Amino acid sequence: MLTDASPERLAHLYRSMLRIRRVEERVAAIYHTDKIKSPVHLSIGQEPPSVGVCEALAPQDVVFGTYRGHALYLAKGGDLRGMVAELYGKVTGCGRGKAGSMHLGDRSVGMMGTSAVVATSIPHAVGYAWAERTRKRDTVVAVFFGDGAVEEGVFPESLNFAALKNAPVLFVCENNLYAIHTPIHVRTPKPNYCERAEAHGIPAERIPGNDVLATAGAAKRAVDSIRLGGGPRFLEVETYRWREHVGPGEDWHLGYRSRAEGDSWVERDEIVRIGAMLDPDRRASIDASVDDEIEDAFAFAEAREFPRDEELYQHVFQP
Amino acid sequence: MLTDASPERLAHLYRSMLRIRRVEERVAAIYHTDKIKSPVHLSIGQEPPSVGVCEALAPQDVVFGTYRGHALYLAKGGDLRGMVAELYGKVTGCGRGKAGSMHLGDRSVGMMGTSAVVATSIPHAVGYAWAERTRKRDTVVAVFFGDGAVEEGVFPESLNFAALKNAPVLFVCENNLYAIHTPIHVRTPKPNYCERAEAHGIPAERIPGNDVLATAGAAKRAVDSIRLGGGPRFLEVETYRWREHVGPGEDWHLGYRSRAEGDSWVERDEIVRIGAMLDPDRRASIDASVDDEIEDAFAFAEAREFPRDEELYQHVFQP
Amino acid sequence: MSSSLEAQRELSYGEALYEATAQEMERDPDVFVFGLGVDDPKGMYGTTQDLHRRFGADRNFDTPLSEDAMTGVAIGAALAGMRPIHVHQRMDFLLLCMNQLVNLAAKTSYMFGGTSAVPMVVRAIIGRSWGQGAQHSQALHSYFMHIPGIRVVAPTTPYDAKGCMLAAIRDNNPVIFMEHRMLYNLRGIVPEDDYVVPFGKARILAQGDDVTIVAISHMVVEAVRAHHHLAAIGLSAEIIDPVSLAPLDIATIAASVERTGRLLVVDNGWIMAGAGAEIVAQVVEQLQERRLPRVRRMGFAPTPCPTTKPLEDLYYPNARTIAAAAHTMITGKDGWIPEGGEAREIAEFKGPF
Amino acid sequence: MSSSLEAQRELSYGEALYEATAQEMERDPDVFVFGLGVDDPKGMYGTTQDLHRRFGADRNFDTPLSEDAMTGVAIGAALAGMRPIHVHQRMDFLLLCMNQLVNLAAKTSYMFGGTSAVPMVVRAIIGRSWGQGAQHSQALHSYFMHIPGIRVVAPTTPYDAKGCMLAAIRDNNPVIFMEHRMLYNLRGIVPEDDYVVPFGKARILAQGDDVTIVAISHMVVEAVRAHHHLAAIGLSAEIIDPVSLAPLDIATIAASVERTGRLLVVDNGWIMAGAGAEIVAQVVEQLQERRLPRVRRMGFAPTPCPTTKPLEDLYYPNARTIAAAAHTMITGKDGWIPEGGEAREIAEFKGPF
Ligand SMILES: Cc1ncc(C[n+]2csc(CCOP(=O)(O)OP(=O)(O)O)c2C)c(N)n1
Ligand SMILES: Cc1ncc(C[n+]2csc(CCOP(=O)(O)OP(=O)(O)O)c2C)c(N)n1
Ligand SMILES: [Mg+2]
Ligand SMILES: [Mg+2]
């Protein structure tokens, strides 16, 4: 495989994806202990869309995501300790133990939030983008959602308004071919998402193969155009979830998708592929530093306190 | 103007449109008396879409509509006395005085109902159509809605499900260029409704010029295909509202649309155009019979009773 | 103009809303207004009219028909630090965006551990007037009272309309601002200055000893009329307007009821599991150690709203039926009902719809 | 099997729902089930599993993620004479289709003068279990109690689950059928035959003289446990399950409260403007001429649902806190709370989410 990406860049992409993978593997490994009392929707296998798109974003840019939000949170630079402590329900978590796995947010790095109700943060991204543009800031907003979200009415409503107002927003559909156990063709006769975006006047591009470099490239082109006032863009990134919809395990036994289909994606593991482009020593050093960072974050989470009882009543309203 | 439509057919179309026009003109004329205590959304000028599409439907076919529903109710064969009595709030009205102008229905002729919340009867039509198909009946369902309805999320959700299930439903968008006082371009950057339907795999056709024969022709092709199992179709019928959005009067003085624009539509009055294709004697006899029928319906409505107090509590639940 | 003269200036309820909005838009560039028809020739009964000309097309704009996404857009803009005012011509249409309001707006502060705020005002107009029917006449305030994280206000006077609007815009939380169409033309004294009516403080609009009538939104106007009907036969009703429903000033209400021994709640909505149920329950909870009151609730008939006038007249409480109910509570006798016609604002209303 | 043996057969709540649905699908070809995931490998906790294999893919089918349109589709199918059962994995998602439920389904019969019927069942599962958080744990039954034209049931026992489901499917009106996930594995006696539990009839699950505890959905189970805690110290609590919330059998509740003099309502939802407010208000209205009771309400804390376990434990009422509250009401003394751990069904629940 040939690429003109610099070693620095490849190292960055590798590190970013690996970190997500390893954190989630650790979550899965300890899940049986019930220390994490929060339903987890793992991104294992789906690291490329978040990592690729976030590479194209500037620090001041912001993102919105979903309950399957670990990858995005980390790719956008969210605090790892804050995330793991949140999964543990500790008061030092990024949501003080009120967010759990499904509502990770870290405003300090532009991770604006997530929702567990499918598709419902899409219009937030559009509103945020509209607000920034109206105030003459050059922020770009990216919003991530699954192939299921496309079927919710709020998605086309949001496309229409974004196009109408030329809002600086990048719509990113992570098409992993399933919504829970339901394959796309059971939910829509023609999964031509790009065409639907284009019917609203929004340029769209489909990136096959869970390819982080292709995703990053397409995202860069889109973000550049958006930042110059070119209006909203749509990306459909093909990807694949390796684990069960929610929970730590695999689910090939359920039979709604075939092991062979899964294998074809696992064999083409993007982390392995990009890792292979790196100098082995460099790769080993990244591996080690990622492990250390994760070790630290879990130790931090273990050591910290749960919120005290009064916390229950706090933050219902803003002062 | 040449047409190969038979005199019988032209007479029928003329009569059907004229009847709608004259009823509404009478409504407008007496509105100041406050005998009709119900907000009225007149179809004057918009007779062709309802009359054209209903001509293509069979008696067992059903329709769903909106608060601007007089034309559809009458075109589908709804009882005129029942409609006028309903506007008067009489217990002999088609909704026993509980429906008013906005919720006309007459199940005996397949006028299934209307909603005053924009776009919300669209999925009913899809559900009805799906049910009929599942039970192997060859009913076709047509649903009428405005250009504003296209922006509501329930519209694309409904398109998707109809396409998925191959439901025998005809979507009819009456594009009168405005939603209340808001022109289309303020609401959508690209009013390519047909493209949006096609992006869901639904064949679509646009009929310009408020043309009843062209509408009827396109509707016939669509209905024939639907009835043979060809799945949903979409028609966009261009039309124009002559009066104010709600109420009996004109509203050129408001300035949201120009008098000149309006004149161009009024000059090309489809009722006059089709009337001119008829033998003058025949036309005069239709005119007279329509007037008689209307006279009778208003006399009926005037003479009937209001519901008694107990009626307030009836029909909340079905037994 | 001297400030005492100023204090005497009268505005209509609609004008008061307009003034509050314009003043705050002047003061704070992050405030904007949007919603179906806000910049159209009728300008929401004048409450938004010309704001786009004064402040620019970005600060008072029409939208597509997409209540759900538009509510999400407001939330997103609020997350970006702006202060949206989202206007709905009919409160019924909030049913299209309940998810954004309840699952998102109301929960954002809490879900993200207090790190995010959603300051937004949702103006919800109650669509009463003849023949509006079942889908254009609902008042759904109890839906929002039910949800932690959202405030609900329903001012009745022009004075409160302005002060509550300023408070709502400045509040750092989502606020449902309920307005009744029959109130827009009512006039009252409104200071020109900027002032805030704090949430959580009820108003006693008329004093009395025989019964406490707590009324909501337009029913306050009818209750004040009922007060006069009752006064004419020597009965004295205290009239309380909660103004804000969440937070709810139960202390003021309970103190009054403790004195009068009778509570009549007149809601401008359905009774079952509504605001009136909450007010009765809280009053009883508060007073049970001291004096248990007689209670009664009035509100919409337990039916969808019919269109025909004779049934619609029965559907809504009015000054006469309120007075009759209070009379029965006080005297224990049924059957008295004062003379009188329909409220002026109802009789005169003929649109705009 | 003899019929007396038959009557002893035990099923889980989930199995009872499955059996009712399958029996009615057998009897009436117009009944069908649909909703996200109904035919997936987990089959809604088994309640819909294999119905598509037994009755065909048209009668138990998965849908796109389009709650709003899918509710409209159910209404349309009902208008065509079918009897849809629409299943929602989380009651929270009903917020996406409130418009169809409230503005359309509930009003169709009335708006069209009684000429149209919308028979449909909306199964709404309450998503409690650890870490579900703010958007996956709401119980919104009071929203539907508020609306004329819609029925609300929340059975707690397997017996009622089956009987209410059969009643709901046969009802000619929209019925919100609320199910709590923590109930699915609870077992009880369920006749094999077809039987209907009529709406509007409350059940007395335990008799007592000192306090009447009215509990809703899963809280009934906790209240019965509280009854035992109280019995252990010599206090006797009557436990009432309203089963159907609209219509509400206030007569049974009021008669009990008249006897005990105390009413504790334990809702499985928020308190403010909720079902508990309605029950308190109606009981007070009924009894005010005879005996005014002491009242108290319990429910979710007035906050969104937090995810961390220690706060979540405080958020929900449980057998111990219910017993403690009842004890205080009866004895006037604070401070007693029984020993005991978390309910088994909660402790053991680990999905499926
Ligand atoms: C509005 C709504 N409906 C249903 C659900 C239940 N649900 C949770 S995740 C999910 C699947 C979503 O699929 P997709 O958008 O493709 O995201 P993925 O999980 O594949 O990343 C569903 C149906 C939900 N959370 N929100
Ligand atoms: C969901 C909803 N939003 C807003 C309104 C207020 N409203 C009534 S009619 C209308 C315009 C609809 O325009 P269109 O669909 O083009 O129909 P037309 O009136 O032009 O026939 C609006 C916005 C409504 N009734 N329902
Ligand atoms: Mg997916
Ligand atoms: Mg239009």
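Protein chains in written order, with our numbering: chain S, 1 to 319; chain H, 320 to 638; chain V, 639 to 991; chain R, 992 to 1344.
The beta-carbon is built from N, C-alpha and C at its ideal position, and this holds for glycine as well.
Values in this document were obtained by computation on a predicted structure and should not be read as measured data.
For residue i, does the three-state DSSP call read helix, strand or coil?
| i | result |
| --- | --- |
| residue 1066/R | helix |
| residue 497/H | strand |
| residue 1051/R | strand |
| residue 930/V | coil |
| residue 689/H | In the structure as shown, chain H starts at 320 and stops at 638, and residue 689/H therefore has no counterpart that could be examined. |
| residue 413/H | coil |
| residue 282/S | helix |
| residue 980/V | coil |
| residue 213/S | helix |
| residue 948/V | helix |
| residue 502/H | strand |
| residue 1110/R | coil |
| residue 596/H | coil |
| residue 158/S | helix |
| residue 305/S | coil |
| residue 253/S | helix |
| residue 49/S | helix |
| residue 563/H | coil |
| residue 783/V | helix |
Would you list the residues sitting across from residue i in a DSSP beta bridge?
| i | result |
| --- | --- |
| residue 853/V | 904/V |
| residue 543/H | BP columns for residue 543/H are empty, so no partner. |
| residue 523/H | 553/H |
| residue 66/S | 115/S |
| residue 739/V | None, per the DSSP bridge assignment. |
| residue 789/V | 813/V |
| residue 173/S | 145/S and 236/S |
List the residues of chain R that residue i touches, going by C-beta distances under 9 Å, in chain order.
| i | result |
| --- | --- |
| residue 908/V | 1137, 1138 and 1139 |
Please compile the residues from chain V whose C-beta is within a distance smaller than 7 Å of the C-beta of residue i.
| i | result |
| --- | --- |
| residue 628/H | 952 |
| residue 1269/R | 910, 911 and 915 |
In chain S, which residues lie with their C-beta within 7 Å of the C-beta of residue i?
| i | result |
| --- | --- |
| residue 1294/R | 312, 313 and 316 |
What residues of chain V sit near residue i, judged by a beta carbon separation below 9 Å?
| i | result |
| --- | --- |
| residue 1087/R | 706, 736, 737 and 741 |
| residue 160/S | 702, 704 and 707 |
Name, please, each residue of chain H whose Cβ falls closer than 7 Å to the Cβ of residue i.
| i | result |
| --- | --- |
| residue 905/V | Near residue 905/V there are no residues of chain H at all, since even the closest Cβ is about 18 Å away, more than 7 Å. |
| residue 989/V | 566 |
| residue 192/S | 518 |
Kindly list, in the order they appear in chain S, the residues whose Cβ is closer than 8 Å to that of residue i.
| i | result |
| --- | --- |
| residue 1255/R | Result: empty, since nearest Cβ-Cβ is about 22 Å, beyond 8 Å. |
So residue i contacts chain V; which residues on that side make the cut at Cβ distance below 8 Å?
| i | result |
| --- | --- |
| residue 506/H | 700, 701, 702 and 703 |
Determine the chain H residues that contact residue i at a beta-carbon separation under 8 Å, and present them in chain order.
| i | result |
| --- | --- |
| residue 1048/R | In chain order: nothing, as chain H lies at least about 10 Å away. |
Taking a cut of 8 Å between CB atoms, which residues from the stretch 554-570 of chain H lie near chain R?
none
Practice item. Could you run through the stretch 1010-1043 of chain R and flag, in chain order, every residue whose CB is less than 8 Å away from some CB of chain S? Key: 1027, 1028, 1031, 1032 and 1033
Give me the subset of the stretch 76-102 of chain S whose CB atoms are less than 8 Å from a CB atom of chain V, sorted by chain position.
93, 94, 95, 96, 97, 98 and 99
Practice task
With a floor of 3 residues, list each beta strand (DSSP E) that falls wholly inside the stretch 104-148 of chain S, ordered by position along the chain.
Solution key: 111-115 and 141-146
### Task
Select from the stretch 577-603 of chain H all residues with a C-beta closer than 9 Å to any C-beta belonging to chain R, and list them in chain order.
none
For the stretch 1114-1138 of chain R, which residues have a CB atom closer than 9 Å to at least one CB atom of chain S, in sequence order? 1120, 1121, 1122, 1123, 1124, 1125, 1126 and 1127
Residues, ordered as in the chain, of the stretch 446-477 of chain H that lie near chain R by beta-carbon distance below 7 Å = 446, 447, 449, 450, 451, 453, 472, 473, 476 and 477
Runs of 4 residues minimum, wholly inside the stretch 815-872 of chain V: which ones carry the alpha helix (DSSP H) assignment? 856-870
- request: Return the residues of the stretch 1064-1084 of chain R that lie within a Cβ-Cβ distance of less than 8 Å from chain S, sorted by chain order.
  value: 1083 and 1084
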